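Report on the following structure.
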């Protein structure tokens, strides 16, 4: 697609030259049609030493006139310092939504607020100042409120969007509407990973679905037509000829001899189908709910009791004969069989049954099994703890499953290890790819003391926070304080949790607990082994 721009200069150039340049976007495109681009060169005469020349550029997916309107509305002058001060003021206001205790070391404050900032850079505003934008159908549309793009949904459905649901629900509502509008303009197919008006089809699953459904279940987004939205969700999930979905519907799994990344796709589709089942239940369509509840259990079709892993299965029903749980092979997306072992966030009880009740033992195995020397780690496997790769998203929830295994002290030990070792205030202080805010959203949640293992459930598993006290100013006017006054390097294990003075007998809090505000207080001990919930 075309992207239009307008640039204003603080001082006119003496000469402007444009050179047409054919280009290839990546090595993977060698042999394919080249794109068309160009280089603009601005020439200046008599530039004084220390003189600054400011360029203000605005973009539009609609037209050059749209770009000019955006420039006039957002950059009416060329005083860079004024823009910097305005941006600083707006970000200070946004970041001040969460306050840390005064005794928090500067390095931790820097790391935390950097994460809070990075978690909110994406999605990006795509529509012009008048609300117009180029749709997925290549038509010009207009709506009040922002239309957004840059949805890295395989990553961000896990924690980045749930964080918006708490801190910026109005923005989350606009994000959801943007996803729905894109789907309606895209032949009924919701985005996988869209950029501007285009679908890139990067990554797998149809994770627009859980993002939308989570917002509906939390009361953030109220569909005008419930049945119409259900139809859109189902059209996305029933897409014919798309990435193994035909076999998935017929056989209950994606066949490995017909589709790459078959195991990962099966598990991700199952999670997304659980979202559709939850939405159908919410609107009272129990017939549709039943269909997708069953599909949400499709992960069982790939379980191999002999090895204790999800394994690729061919279209004839046979398991692939060659299998190494450490190997990064085609049936898995940026991962191996270990990384996807716990990717059943919506049915941990069902997964535990498949593991014959040995969830804790399998978690121990996961975090202690070192990669054999003959396996070369790919670039996305960083931040390794055994087979846990924090630098990639599929395993971001796994540490918190120790709560389900009734070993919450291990949740704390591993969470604090990641928080302190894999996130720092140094230039290389972020492990892995940010992936549009997911890596940093993990830090924000975990450091505050709670994390959404399954965002659809509205539950957040508890862990000892990284700070003695933090305060969240909620958009509904309430304030939530999380306090752990006894916190120290040794005294970091949860002994007791209270909400507004009431003792909590569960390992989790809910979205309603968070949004009603008050105080969540952690009483700590230096002795691991305590299970403080029923």
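Residue numbers (the working numbering): 181 to 714.
Each residue gets a CB set at the ideal place from its N, CA and C atoms; glycine is no exception.
The structure presented is a predicted model; accordingly, all values stated were derived computationally and were not measured.
Select from the options the residue whose C-alpha is nearest the C-alpha of residue i.
{"i": "residue 571", "options": "586, 601, 630", "result": "601"}
{"i": "residue 335", "options": "314, 348, 299", "result": "299"}
{"i": "residue 706", "options": "619, 623, 589", "result": "589"}
{"i": "residue 164", "options": "647, 495, 700", "result": "The structure shown does not extend to residue 164, since the chain is modelled only from 181 through 714, so no value can be given for it."}
{"i": "residue 666", "options": "703, 181, 699, 549", "result": "703"}
{"i": "residue 315", "options": "241, 530, 539, 503", "result": "241"}
{"i": "residue 606", "options": "504, 288, 261", "result": "288"}
{"i": "residue 678", "options": "689, 433, 402", "result": "689"}
{"i": "residue 544", "options": "585, 525, 520", "result": "585"}
{"i": "residue 222", "options": "190, 278, 500, 619", "result": "190"}
{"i": "residue 524", "options": "435, 713, 350, 576", "result": "576"}
{"i": "residue 497", "options": "516, 436, 550, 505", "result": "436"}
{"i": "residue 360", "options": "381, 396, 349", "result": "396"}
{"i": "residue 699", "options": "686, 680, 277, 263", "result": "680"}
{"i": "residue 329", "options": "305, 516, 250, 539", "result": "305"}
{"i": "residue 385", "options": "416, 311, 239", "result": "416"}
{"i": "residue 291", "options": "661, 631, 621", "result": "621"}
{"i": "residue 519", "options": "549, 234, 264, 230", "result": "549"}
{"i": "residue 200", "options": "714, 669, 686, 217", "result": "217"}
{"i": "residue 614", "options": "294, 555, 583, 312", "result": "294"}
{"i": "residue 251", "options": "245, 244, 238, 357", "result": "238"}
{"i": "residue 687", "options": "499, 653, 640", "result": "640"}
Using the beta-carbon count (16 or more within 10 Å), is residue i buried or exposed?
{"i": "residue 220", "result": "exposed"}
{"i": "residue 535", "result": "buried"}
{"i": "residue 629", "result": "buried"}
{"i": "residue 428", "result": "buried"}
{"i": "residue 464", "result": "exposed"}
{"i": "residue 424", "result": "buried"}
{"i": "residue 362", "result": "buried"}
{"i": "residue 181", "result": "exposed"}
{"i": "residue 475", "result": "buried"}
{"i": "residue 228", "result": "exposed"}
{"i": "residue 448", "result": "buried"}
{"i": "residue 382", "result": "exposed"}
{"i": "residue 454", "result": "buried"}
{"i": "residue 715", "result": "In this structure the chain extends from 181 to 714, so residue 715 is not present and cannot be described."}
{"i": "residue 380", "result": "exposed"}
{"i": "residue 313", "result": "buried"}
{"i": "residue 574", "result": "buried"}
Can you pull the DSSP bridge partners for residue i?
{"i": "residue 218", "result": "200"}
{"i": "residue 564", "result": "569"}
{"i": "residue 674", "result": "704"}
{"i": "residue 698", "result": "660"}
{"i": "residue 237", "result": "187"}
{"i": "residue 490", "result": "483"}
{"i": "residue 642", "result": "630"}
{"i": "residue 378", "result": "375"}
{"i": "residue 251", "result": "Answer by DSSP bridge pairing: none, since residue 251 is not bridged."}
{"i": "residue 649", "result": "663"}
{"i": "residue 689", "result": "640"}
{"i": "residue 305", "result": "328"}
{"i": "residue 322", "result": "312"}
{"i": "residue 428", "result": "Per DSSP, none; premise fails for residue 428."}
{"i": "residue 158", "result": "Absent from the structure is residue 158, since the part of the chain shown begins at 181 and ends at 714."}
{"i": "residue 559", "result": "According to DSSP, residue 559 bridges with nothing at all."}
{"i": "residue 579", "result": "For residue 579, which the question treats as bridged, DSSP gives no partner whatsoever."}
Just to confirm before moving on: does the CB-CB distance between residue i and residue j stay below 8 Å?
{"i": "residue 123", "j": "residue 512", "result": "The requested residue 123 does not occur in the structure, where the chain is confined to residues 181 to 714."}
{"i": "residue 339", "j": "residue 546", "result": "no"}
{"i": "residue 459", "j": "residue 393", "result": "yes"}
{"i": "residue 592", "j": "residue 279", "result": "no"}
{"i": "residue 644", "j": "residue 673", "result": "yes"}
{"i": "residue 236", "j": "residue 268", "result": "no"}
{"i": "residue 480", "j": "residue 457", "result": "no"}
{"i": "residue 389", "j": "residue 413", "result": "yes"}
{"i": "residue 675", "j": "residue 637", "result": "no"}
{"i": "residue 332", "j": "residue 302", "result": "yes"}
{"i": "residue 248", "j": "residue 275", "result": "no"}
{"i": "residue 478", "j": "residue 446", "result": "yes"}
{"i": "residue 348", "j": "residue 655", "result": "yes"}
{"i": "residue 552", "j": "residue 506", "result": "yes"}
{"i": "residue 353", "j": "residue 320", "result": "no"}
{"i": "residue 582", "j": "residue 526", "result": "no"}
{"i": "residue 461", "j": "residue 469", "result": "yes"}
{"i": "residue 580", "j": "residue 631", "result": "yes"}
{"i": "residue 281", "j": "residue 649", "result": "yes"}
{"i": "residue 365", "j": "residue 317", "result": "yes"}
TODO: Tell me, please, whether the segment 369-376 touches the segment 321-328 by the rule of three or more beta-carbon pairs shorter than 8 Å.
DONE: no
Task: Given 8 Å, three or more beta-carbon pairs between the segment 558-565 and the segment 478-494 - done: no
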